[in-house]
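Beneath this line is the structure, given in structure tokens, with notes to follow.
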Amino acid sequence: MRRGMVIDLKRCIGCYACQLSCKAEHGTPPGVFFARVLKHEEGQYPTMRQLFLPVLCNHCENAPCVDACPTGASFKWAEDGIVDIDPDKCVGCRACMMACPYSNRYYNDSPQHYFEQGPTAYEEARTARHQTDVVMKCNFCRDRVRSGKQPACVANCPTVARIFGDLDDPTSEVSRLIKDRGGFPLHPEAGTKPSVYYLPP
Amino acid sequence: MERAKYDQLIKDMRSELRPQREWSEGRGIFMVAGHFVVGVAGGTWLFSLWYADRLGLALAFLLAGLGGILHLANLGRPARFWKMVLHFRTSWISRGFFGLSVFLVGALLYLVPLYLPGFLWGGDSPIAAIGYVMAIVGTLTLIGYMGFVYTASKGIPFWNSPLHPALYVTYALRGGIAGLLLALALGGSGVDSLNNLLLLWIGITALVILFFGLEVHGALTSGNAAAKRSVHELFAGRVAVYFYGGTLALGLVIPAWLAWAGLNGPLTLGAMVVLALASAMGDFFMKYSTIRAGVFLPVWTPLAPQR
Chain A
1 MRRGMVIDLK RCIGCYACQL SCKAEHGTPP GVFFARVLKH EEGQYPTMRQ
51 LFLPVLCNHC ENAPCVDACP TGASFKWAED GIVDIDPDKC VGCRACMMAC
101 PYSNRYYNDS PQHYFEQGPT AYEEARTARH QTDVVMKCNF CRDRVRSGKQ
151 PACVANCPTV ARIFGDLDDP TSEVSRLIKD RGGFPLHPEA GTKPSVYYLP
201 P
Chain B
202 MERAKYDQLI KDMRSELRPQ REWSEGRGIF MVAGHFVVGV AGGTWLFSLW
252 YADRLGLALA FLLAGLGGIL HLANLGRPAR FWKMVLHFRT SWISRGFFGL
302 SVFLVGALLY LVPLYLPGFL WGGDSPIAAI GYVMAIVGTL TLIGYMGFVY
352 TASKGIPFWN SPLHPALYVT YALRGGIAGL LLALALGGSG VDSLNNLLLL
402 WIGITALVIL FFGLEVHGAL TSGNAAAKRS VHELFAGRVA VYFYGGTLAL
452 GLVIPAWLAW AGLNGPLTLG AMVVLALASA MGDFFMKYST IRAGVFLPVW
502 TPLAPQR
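Chains as they are written, first to last, in this note's numbering: chain A, 1 to 201; chain B, 202 to 508.
Right, here's the structure in full:
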């Protein structure tokens, strides 16, 4: 099995629900965005359009971050192909951040909170559990997925722009969408074989 | 995360060509310094062996130890450093850690009889021979691995060049000559032995310039937008002052002028030291400015033809 995601750029309305639900699910500190949305304008007035590109870890089949990691802290789960980080093994060398062609890794360099008054009760409960001085990234909400749920960004997308499934199964919805609608990955030239595909806008 | 740093991160993430800061700012500066010092150590060991300079060997050992400490200072979790040997099969950092460890152990085994003859084991004993071989293996690993660390960084197109390892080897050799010159000067060696080293320094400096020129030419002619931005940052952007002041003026013009003077007449002890230090500092600024000029591959790609 190879878990993967398809993001329909025609359906994405740039509402940031994925970004916020990810933050709520993982309690990520300031400056860490497992899922984020990029905005871009194409063309020239009056024939121009605004595009949104939701990005997250691509869980590459040939993950350069896994190869670059000197400790094995960055690793790939054999049973579902999800690329994950074991924070207990990470030494904080940041080599994986340099190796990632998608800039989707973040270094949590100190205990952080959003407000100058100090951490909120929510932050004390959720954000503080993350180790500092290690690298963090999206893990396709592996705990949720293993309990039969969808990743938070998929479950909370109001336009159903995100579809999650098994890329190895040719009958799955993700495989069918990629085939029927010309799904493409980001930076295929990097040779990383990402597990996140996009449908053209 | 302090407010200014957070704002900087958000600003960086909003820009299409995001500069890398992890390996050049904050504790990342120790990464640059560590690579610089370890490279000089490797080169100094090789040239000191060639010139049979005992002080140069000791200097190389001390520099390698310092480089190891600087590498640890770069880590977020230095107490876990021993885990870095676990991924030797694919990680160049892991290989470098292995090389440094082997070098430090081997160099120590080799240096003990040189400085304490007859104390624990002799210079012609198997232990010293094993140390010699380990130090050579470690030195070659140290000199070779650094460029590959950057070449393996697929996120930074400017570093992701096949010339980078060759460039780092030449840096290490140039730094090695600087280290040996320093050791010879400190040891009060005769000036006569320096002419060959000066010629060698000129030759290796020419190679550094050639490889660097080819790398920049490759980035400008066949590189993507990120590689081109890095070159811009280097020559006319936020790191230009380090490149022109540190790399060119300090690392090339001053030592070249002294080398020219050395070829036309004997150099004073002070001039030798200035040449060695200026050359080495130039290499540091070369590494610092090229690393800091690194720009991440833009995430955005052309998505589809215009409707």
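A virtual CB, placed ideally from N, CA and C, is assigned to each residue, including glycine.
Distance between A:R162 and B:R439, taken at the CA atoms: about 39 Å. Neighbours of B:H288 across chain A, judged by C-beta separation under 7 Å: C69, P70, T71, G72. Secondary structure note for A:N108: its beta strand (DSSP E) is the uninterrupted segment 106–108. In the structure shown, A:Q50 falls within a strand segment according to DSSP collapsed to helix, strand and coil. Comparing C-alpha distances from B:L478 to each of B:M232, B:V238, B:Y311 shows the shortest one belongs to B:V238. Counting along the chain, the unbroken beta strand (DSSP E) around A:S74 starts and ends at 74–76.
DSSP places A:G4 within a strand segment (E or B) once states are collapsed to three.
Nearest to B:T406 by C-alpha distance, out of B:A373, B:A427, B:H418, B:E217, is B:A373. If only uninterrupted beta strand (DSSP E) runs of at least 3 residues are considered, those enclosed by the stretch 132–175 of chain A are 134–136, 162–166.
In this chain, the beta strand (DSSP E) harbouring A:Y198 covers 196–199. Think of a sphere of 7 Å around the beta carbon of A:S103: the chain B residues whose beta carbon falls inside it are R219, G356, F497, V500, in chain order. With respect to chain A, the C-beta atom of B:I378 has no partner C-beta closer than 9 Å. In the DSSP assignment, A:K39 falls outside any alpha helix (DSSP H) and within the unbroken beta strand (DSSP E) covering 35–44. Using a Cβ-Cβ cut-off of 9 Å, B:K429 does not count as an interface residue toward chain A, since no Cβ of chain A sits closer than that to its own.
Against chain B, the CB of A:F33 has a partner CB under 9 Å away; the residue lies at that interface. The Cβ of B:S295 sits closer than 9 Å to at least one Cβ of chain A. Here the alpha carbon of B:R290 sits roughly 21 Å from the alpha carbon of B:L273. A:D86 sits in coil when the DSSP states are folded into three classes, being neither helix nor strand. Beta-bridge partners of A:L56 (DSSP): A:A35. Annotation for B:P318: G324 place their beta carbon closer than 8 Å to its own, counting only its chain and skipping 5 residues before and after. For the 9 Å CB-CB criterion, A:V6 and A:R36 do not form a contact. Among the CB atoms of chain B, one or more fall inside 9 Å of the CB of A:L186.
Identification of chain B residues near A:V91 by a Cβ-Cβ cut-off of 8 Å yields L276, G277, R278, P279, R281, F282, K284, M285, ordered along the chain. Counting only runs of 3 or more residues that sit fully inside the stretch 304–386 of chain B, no beta strand (DSSP E) segment turns up. Exposed is the label assigned to B:L321, since fewer than 16 other Cβ atoms lie within 10 Å of its Cβ.
Nearest neighbour of B:L218 by Cα position, chosen from B:L468, B:F486, B:T491, B:A427, turns out to be B:A427.
The stretch 282–296 of chain B and the stretch 58–77 of chain A touch, with three or more beta-carbon pairs separated by less than 8 Å.
From the beta-carbon of B:T291, the residues of chain A found nearer than 7 Å are D67. In the three-state DSSP reduction, B:V440 falls in the coil class, being neither helix nor strand.
A:H40 and A:Y198 have their C-alpha atoms roughly 15 Å apart. For the pair A:Y106 and A:M97, the Cα-to-Cα distance works out to about 7 Å. Interface residue (Cβ-Cβ distance to chain A less than 9 Å): B:F413 is not classified as such. Buried is the label assigned to A:Q112, since at least 16 other Cβ atoms lie within 10 Å of its Cβ.
The contact set of B:E416 on chain A, defined by CB atoms closer than 9 Å, is empty, because the minimum CB distance reaches about 17 Å. The closest CA to that of B:L258, considering only B:S490, B:L247, B:A481, is found on B:L247. Taking each of A:F184, A:C57, A:V174, A:C100 in turn and checking the Cα distance to B:I357, the smallest one comes out for A:C100.
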